[in-house]
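Asks: Below you will find the structure I want to go over with you.
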C-alpha cells in the first residue's frame with residue numbers, strides 16, 4: 001500500500017473509533033450496579049462541569065407516603081436526547097439507592113421506559129431512543145418512608161455532552 005492510502009485508512013479508523021466511543025445508548029441507560037449507583041453513562045467522555053441548561057420541575061414539594069408527583073425535564077435552549085432518572089434521599093451522594101418508583105405519563109411510552117435498579121421495581125426511568133425531545137414528563141410514586149427526597153437526573157444533549165446529578169427541588173414525604 002502507498003503511504004497516502006495507509007494514512008487515510010489510519011485516519012478513518014481513528015475517527016470511526018472515536019465516534020463509537022461518544023455514541024449515546026439510543027435504547028436507554030443500562031441497569032448495571034455501577035450505573036444504577038453513580039448514574040454516569042459510559043460515553044467515553046466526562047460529564048459537563050458547567051451549569052446545565054435543563055430544569056427539573058416538580059408539581060409538589062410535599063406529599064404523603066405513596067402519593068404521586070408529576071415531574072418534567074425541559075430547557076428553553078436545548079433538546080434532550082437521553083436521560084436517566086431516579087428518586088433519592090436528599091443526601092443522594094451517600095444514599096445511592098433509588099427510592100420510590102415511576103410511572104409513565106400517557107403518551108410518553110415512545111420516548112421513555114421504566115427500568116429496575118438495585119433490587120427495586122420500576123425505580124428508574126430512561127429514554128427509549130435518542131431522538132431530540134422538547135421535554136420529558138413522568139410521574140414519581142413517593143416511597144413509604146418519610147423524609148426529604150430529590151429527583152436526580154443524568155441528562156444528555158448528545159453522546160458527548162451530558163450532565164450528571166442534576167436535581168429537582170426538595171420533595172418532603174410525610
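Residue numbers (full-length UniProt numbering): 1 to 174. In this text, a Cβ means the ideal position worked out from N, Cα and C, and glycines have one as well.
With 16 other CB atoms within 10 Å as the buried threshold, where does residue 156 fall?
Replies: Buried is the call here.
Asks: Do you know whose CA, among 174, 76, 90, 72, lies nearest residue 84's CA?
Replies: Residue 72 is the option with its Cα nearest to residue 84.
Asks: Please classify residue 21 as buried or exposed, where buried requires at least 16 neighbouring CB atoms within 10 angstroms.
Replies: In this predicted model, residue 21 has a pLDDT of only 36, less than 50, meaning its place in the structure is not dependable enough to derive any value.
Asks: Are the region 126-146 and the region 57-73 touching by the rule of at least three beta carbon pairs closer than 8 Å?
Replies: Segments in contact, yes.
Asks: What residue does the beta strand (DSSP E) around residue 37 start on, and which one ends it?
Replies: Run containing residue 37: none in the beta strand (DSSP E); it sits in the alpha helix (DSSP H), 33-38.
Asks: Using the Cβ count rule (16 or more neighbours within 10 Å means buried), how would you classify residue 100?
Replies: Classification of residue 100: buried, given that the 10 Å Cβ count is 16 or more.
Asks: Quick one: what does DSSP say residue 160 is sitting in, helix, strand or coil?
Replies: Of the three classes helix, strand and coil, the one that applies to residue 160 here is coil, per DSSP.
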